[in-house]
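According to our numbering, the sequence shown is numbered sequentially starting from -9.
Okay, structure first, notes after.
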Amino acid sequence: MIDYKLLEALATVIETGGFERAGATLGLSQSAVSQRIRTLEIRIGQPVLLRSPVLRATPAGQQLLNHVQQVQLLERDLAKSLPTLSEPTARLRIALNADSLATWWADAIGQFCTREDLLLDMVVEDQDIALRRMREGDVAACLCSNPQPAAGARCVPLGTMIYLPLATPAYRAQHFNQGFNEQSLQSAPAIIFGPNDQLQHRFLAQSGYHGAFPYHLCPSSEGFVRLALAGMGYGMIPEIQARREIEAGQLVSIAPGLSLEVKLYWHFWRHSGRVMDRLTAALQAASA
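As structure tokens, then:
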């Protein structure tokens, strides 16, 4: 059995960002916290922390953090039936795509987290690869476009996000005055969220174009819309995120009538307790 005081030290060091602050939180000296981390590393036979260039967990350490989060959720369930136990504040590490975070996510989980006294550590990851983080033990749950659950996990569908290829009217007139075709796509700058973002490629392939195209990289959903409004390029933007700009005529589709639908699925470990079940129910209700 793993000594949970050691895991608590690891989780607190990561959460507070340092050994001294972790000691203050736990009521221990900095050296005592360091000793607990060393003991944990000896116990599992490998490092759990990387101390430079920035303090962060190793892959093994991240798996232990994921385990601690699940244990905290189960302890909260136990405290409901045994009130004499103190109910700890749980922290849950979740991977989700930036577009959901920028649009519907906060409204869906805001009241729930307040009511449940639940803290979230949200990792922004592309919807196509977030499940990889969960399989590696980096997160306890994830929101992604993959419908295949990991072994030991559950997967429930939440809904569909509709993406439109949007740009300013002036941009469309400059780059697509001859229509949405191969020649225009070869030269018109696009906007892509990051190197793992495949939405643009999937939309173009769906439209029959498989060639190269110039693009800007912008790892921010809000910045993505701002760049499109500045006329720097066209990008796949969620309809719900750009509804106001579309209605105002600030953004228009470069391919009217065409869109890309991305189905979203919520993945979580089966034995994460009733708190996770309630969170899942809240997400299902919000998505409906």
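Even for Gly, the Cβ is constructed at its ideal location relative to N, Cα and C.
- In this structure, residue 0 lies near residue 30, with their beta-carbon atoms less than 8 Å apart.
- Only buried fits residue 115, as 16 or more other CB atoms lie within 10 angstroms of its CB.
- Scanning 223, 67, 156 and 230 for the CA closest to the CA of residue 247 turns up 156.
- The beta carbons of residue 227 and residue 215 sit about 6 Å from each other, so the pair counts as a contact at 8 Å.
- Taking all protein chains in view, the Cβ of residue 99 is crowded by 16 or more other Cβ atoms within 10 Å, so the residue is classified as buried.
- Within the segment 219 to 259, the beta strand (DSSP E) runs of at least 3 residues that lie entirely inside it are, in chain order, 224 to 228 and 250 to 259.
- In the DSSP assignment, residue 152 forms a beta bridge with 251.
- Assigned with DSSP and collapsed to three states, residue 200 falls in coil, not helix or strand.
- Ranked by how close their Cα comes to the Cα of residue 54, the residues 42, 83 and 41 have 83 in first place.
- DSSP places residue 89 outside any beta strand (DSSP E); the residue lies instead in the alpha helix (DSSP H), whose first and last residues are 88 to 92.
- With 16 or more other Cβ atoms inside 10 Å of its own Cβ, residue 26 counts as buried.
- Burial is judged here by how many other beta carbons sit within 10 angstroms of a residue's own beta carbon; residue 104 has fewer than 16 and is exposed.
- Residue 173 and residue 197 have their C-alpha atoms spaced approximately 14 Å apart.
- Contact between residue 205 and residue 223 holds, with the beta-carbon distance rounding to 7 Å and staying under 8 Å.
- The alpha-carbon of residue 130 is positioned some 46 Å away from that of residue 169.
- Residue burial annotation: residue 231 is buried, with at least 16 other C-beta atoms found within 10 angstroms of its C-beta.
- As DSSP reads the structure, residue 132 sits in a beta bridge with 85 and 257.
- For the pair of segments examined, the segment 51 to 67 was found not to touch the segment 10 to 23: the number of CB pairs separated by less than 8 Å stays below three.
- A residue is called buried when at least 16 other Cβ atoms come within 10 angstroms of its Cβ; residue 190 meets this threshold and is buried.
- For residue 49 and residue 126, the gap between their C-alpha atoms comes out near 8 Å.
- Less than 8 Å divides the Cβ of residue 146 from the Cβ of residue 274.
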